[in-house]
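One structure is given below, encoded as structure tokens.
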Amino acid sequence: MLGRTANDLYWLSRYIERAENIARLLEVGYRIVLLPREGEGFHEEWRSTLESAACVQGYVQRHGELLTQNVIDYMLFDTSNPSSIASCLASARRNGRAQRTALTREMWESLNSAWLEFSAIRPATVTSNSLPELLDWVRSRSALYRGALLNTILRNDTFYFSQVGTFIERADSTARILDVKYYHLLPSSEMVGSDKDNYQWAALLRSVSAHRSYRWVFKDHYRPLKIADFMILNRQMPRSLRSCYDELTVALRDLAVFYGVRHDCQTTAESTRDLLLEADMQNIFQSGLHEFVQDFIGRNNKLGNEISTAYHFSD
Amino acid sequence: MVAAFDEMNGFGGEVRAPYRALAEWLGVQHLDTLRQKSAEAEVLFRRSGITFAVYGAEEAGERLIPFDILPRIISAEEWRRLELGIEQRVRSLNAFLYDIYHRQEILKAGKIPEELITQNSAFLPEMIGVDPPRGVYSHIIGVDLVRTGENEFMVLEDNTRTPSGVSYMLENRETMMHLFPDLFSRNRVRPVENYPDALLKTLESVAPGNLDAEPTIALLTPGVYNSAYFEHSFLADQMGVELVESSDLVVIDGLLRMKTTEGLKRVDVLYRRVDDDFLDPLVFDPTSLLGVPGIFDVYRSGRVTIVNAPGAGIADDKAIYSYIPAIIEFYTGKQPILANVETYNCREPASLKYVLDHLAELVVKEVHGSGGYGMLVGPKSTKDQIETFRAKLVANPSNYIAQPTLSLSTCPTLADSSVAPRHLDLRPFVLIGDQVRLMPGGLTRVALKKGSLVVNSSQGGGTKDTWVLQE
């Protein structure tokens with residue numbers, strides 16, 4: 004496989020995963036903004052949403068003030084924002100088109116039709132009533148692509164690089180949500196029990212599609228420590244950091260077997276996975292959640308770079 | 025102008041034999057059903073991403089090449105003659121290329137004016153003395169044919185560089201079989217689906233000698249923004265070979281290599297879909313940022329095969345075209361089986377005078393133009409357009425050739441309000457390697473506008489599935 008092909012497949016998966024994560028973040032942000040509250044609390048909500056998506060600087064440069072309509076537009080349709088859903092779908096489709104030969108017909112058709120249908124939407128026609136439906140649609144298109152990938156692609160380097168891209172992106176997204184949204188909620192955790200508080204914790208879990216699975220796993224009320232544990236260390240939760248690294252180590256090990264060579268990236272992924280395996284939530288809180296998550300984001304980026312070098316993504 | 029020959033009805037009268045089953049079927053179809061099938065076809069094409077880019081179009085990006093659901097049909101007997109004529113022609117073209125890059129016997133014999141070759145930008149002096157495997161220069165040729173009567177097939181143009189359109193031949197057939205399975209049970213249509221396999225065999229057969237292993241083949245594309253990118257990726261996919269851009273290739277230690285996830289890997293046969301100018305900046309165009317520096321040296325030393333060979337374009341140069349009958353005779357000793365269209369080389373004063381006197385009746389083309397750009401169709405042009413063109417012609421006569429406006433054959437086509445005759449041409453694809461392989465079929469291009477004679481997709485043309493019937 005060409006190094007350029009591997010690079011395009013890796014990023015194609017990242018863009019699809021990112022579109023889905025952005026859709027979920029917007030959905031949650033929008034629900035919270037609809038809550039009755041005093042003053043201009045929605046500013047805080049949109050700021051944390053944009054921060055979680057690493058889009059706050061770009062937004063401020065373009066629009067300045069945080070207004071719901073502008074945030075929606077910037078995150079959905081603005082092609083000057085490389086992480087907007089429009090940009091993600093266009094980039095994913097561009098990569099897919101460049102690597103048409105590596106994709107199955109089902110994968111290509113799901114990418115192509117997602118892009119065609121999204122391009123046909125006129126931003127002005129999206130109302131607050133139709134927004135949730137549109138965000139749902141984005142998530143379903145991402146699921147369709149992942150489904151086509153899982154069901155139709157040969158288990159070779161094409162599949163492994165696609166998996167790696169998905170889980171690097173997902174790990175990064177969950178870590179950022181923890182670092183921003185979770186962190187914002189912590190000071191109010193002494194007020195456990197108030198309705199608003201509960202709603203906020205539920206919203207946080209919603210942003211990783213885990214508000215119902217939390218109940219199934221813990222059979223308990225929302226508790227900050229358990230929520231953090233669920234998002235970081237739980238091996239059942241498919242968007243937890245631990246789950247992402249379980250998948251990453253498998254995909255990278257498969258790549259090493261496929262090519263008959265191990266690189267630094269395999270070792271790095273395994274050591275991060277081991278760290279998550281052995282960590283204890285109490286200790287993480289004691290030594291600082293923020294520091295822990297920052298360290299994790301750094302490791303995740305380093306892994307991405309090592310993969311790029313090992314498999315000649317660009318030289 | 026007299027009425028054109030119609031593929032289904034001839035010059036009026038009875039339905040021609042190869043079209044009988046289709047005519048019968050068509051007679052009982054409702055227009056609405058046909059329209060609905062046509063819409064279904066469009067959905068199929070759009071979903072699979074079969075698009076082409078149009079240069080200069082405002083909306084840019086991608087457009088669908090229109091597909092007409094009524095097939096064009098060729099009888100077994102007609103095809104047999106075309107087959108002989110095409111094989112004779114492509115063998116002669118390759119013999120001609122070998123000759124002009126070696127001893128130039130044809131120039132010595134005075135059959136072609138020497139300056140037409142040596143002063144021609146399509147002639148590459150760098151190719152002199154190079155010996156491509158099996159002596160083949162143009163491995164993939166698209167021969168553009170037009171028809172004006174029952175037995176009048178003529179060659180309008182040879183495409184010996186990087187002919188495109190074969191993916192449409194294949195996808196048109198797929199779509200037709202999907203939409204009209206019953207039509208295929210009434211007609212014995214020869215399959216074309218093994219084209220990718222035949223192409224792969226051809227490419228393998230011209231690999232450099234002395235390889236230790238099976239040759240590694242790659243398809244070189246200018247990239248995703250090229251108008252034929254869909255076709256490039258389609259063919260690479262069907263053959264199971266890497267689709268590379270020039271940035272994926274590098275010359276190291278005298279070999280062409282591609283950059284893979286496992287490091288550098290040797291490439292033995294490069295099916296390139298880029299022009300000569302963008303192959304090697306060291307040799308052809310020093311200002312180009314595209315291309316693979318040093319690839320031409322590897323080629324010259326026989327360690328990679330480039331398909332089609334650099335310099336093969338001299339054989340389809342429009343200034344050479346009128347000499348093709350002489351070329352065929354020179355190398356085969358026989359008369360051409362397929363005729364040329366009468367052509368005036370405006371570089372010759374007598375021809376220029378005739379052309380200037382008859383501009384309103386002629387088709388005038390740029391010698392180096394393609395895709396239907398920069399041409400004048402006299403009978404379809406206004407006085408102003410003709411006068412503007414006259415000025416260009418007078419300023420630079422050797423840049424133009426002219427041909428009579430042919431009454432291209434027509435074929436029933438689904439038009440706005442009914443099924444109506446539209447003009448068309450035919451591009452069969454032929455492969456030359458260890459043997460000559462001609463697909464029974466080709467790309468039929470159809471001018472969708474009533475009365476239009478320009479079939480190019482960039483000028484509003486569409487395509488049809490092309491059926492060659494079994495004996």
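In the order they appear, the protein sequences are chains A and B. For any residue, its number in my numbering is found by taking its place in the first sequence, counting from 1, and adding 3. For any residue, its number in my numbering is found by taking its place in the second sequence, counting from 1, and adding 24. Glycine is no exception: its CB is placed at the ideal position from the N, C-alpha and C atoms.
Unbroken alpha helix (DSSP H) stretches of 4 residues or longer found wholly inside the segment 174–252 of chain A: 198–209, 214–221, 227–235, given in chain order.
Per DSSP, reduced to three states, the secondary structure at GLY287 of chain B is strand. With a cutoff of 8 Å on beta-carbon distance, PHE316 of chain A and GLY99 of chain A are scored as not near each other. Boundaries for PRO349 of chain B: no beta strand (DSSP E) harbours it, while the alpha helix (DSSP H) harbouring it runs 348–356, taken from the DSSP string. Beta-carbon to beta-carbon, ALA41 of chain B and SER99 of chain B are separated by about 6 Å, close enough to satisfy the 8 Å threshold. For the pair LEU181 of chain A and GLN203 of chain A, the CB atoms are not nearer than the 8 Å cut-off. Per DSSP, the unbroken alpha helix (DSSP H) holding MET200 of chain B starts and ends at 190–203.
Listed along chain B, no residue sits closer than 9 Å to ALA254 of chain A by beta-carbon distance, the nearest being about 14 Å off. Secondary structure within the segment 216–253 of chain B: the alpha helix (DSSP H) runs of 4 or more consecutive residues, fully enclosed, are 219–229 (chain order). Non-local beta-carbon contacts of VAL275 of chain B in its own chain, meaning distances under 8 Å to residues more than five positions away in sequence, involve ARG281, VAL316, PRO317, GLY318, ILE319, ASP321, VAL322 in chain order. The C-beta of SER257 of chain B comes closer than 8 Å to at least one C-beta of chain A. Flagged as an interface residue toward chain B: TYR262 of chain A, by a C-beta distance shorter than 8 Å. Distance from the Cα of ARG469 of chain B is smallest, within the candidate group B:ARG104, B:VAL443, B:SER433, B:ASP206, for B:SER433. Distance from the CA of LEU180 of chain B to the CA of ASP168 of chain B, rounded to the nearest whole angstrom, comes to 6 Å. Per the C-alpha coordinates, the member of B:ALA343, B:GLU372, B:PHE413 positioned closest to HIS392 of chain B is B:ALA343.
Per DSSP, PHE121 of chain A is one residue of the alpha helix (DSSP H) stretching across 108–122. Beyond the five residues adjoining it in sequence on each side, VAL167 of chain A comes within less than 8 Å, by CB distance, of TYR13, SER16, LEU251, ALA254, LEU255, LEU258, ILE310 in the same chain, given in chain order.
DSSP lists no bridge partner for ASN420 of chain B. The beta carbons of VAL170 of chain B and LEU430 of chain B sit closer together than 8 Å. Annotated as distal: TYR314 of chain A and ALA95 of chain A, with beta-carbon spacing of 8 Å or more. Taking 8 Å as the threshold, the shortest C-beta distance from GLU176 of chain B to chain A does not fall below it. ASP300 of chain B is a Cβ neighbour of LEU148 of chain B, given a cutoff of 8 Å. With a threshold of 8 Å between beta carbons, SER116 of chain A makes contact with chain B. DSSP, read as helix, strand or coil, puts LYS135 of chain B in coil.
Any Cβ of chain A closer than 8 Å to the Cβ of THR199 of chain B would place that residue at the interface, and such an atom is absent.
Counting of Cβ neighbours within 10 angstroms places TYR295 of chain B among the buried residues, the total reaching 16 or more. When 8 Å is used as the limit between beta carbons, THR284 of chain B is near these residues of chain A: MET4, LEU5, GLY6, HIS315, in chain order. The Cβ atoms of CYS268 of chain A and LEU244 of chain A lie no closer than 8 Å to each other. In this structure, the CA atom of LEU462 of chain B is about 28 Å from the CA atom of PRO445 of chain B.
Contact annotation: in the segment 268–295 of chain A, no residue has its CB less than 8 Å from a CB in chain B. In this structure, LEU203 of chain B and ALA65 of chain B form a Cβ contact; the two beta carbons are roughly 6 Å apart against a cut-off of 8 Å. Between HIS214 of chain A and HIS224 of chain A, the alpha-carbon positions lie close to 11 Å from each other.
Against chain A, a Cβ distance below 8 Å from LEU280 of chain B picks out nothing, because the smallest value is about 14 Å. Under the three-state reduction of DSSP, HIS447 of chain B is assigned to strand. A distance below 8 Å separates the beta carbons of ASN332 of chain B and SER162 of chain B. Chain-ordered listing is empty here: chain A has no CB closer than 8 Å to the CB of LEU203 of chain B, the nearest sitting near 18 Å.
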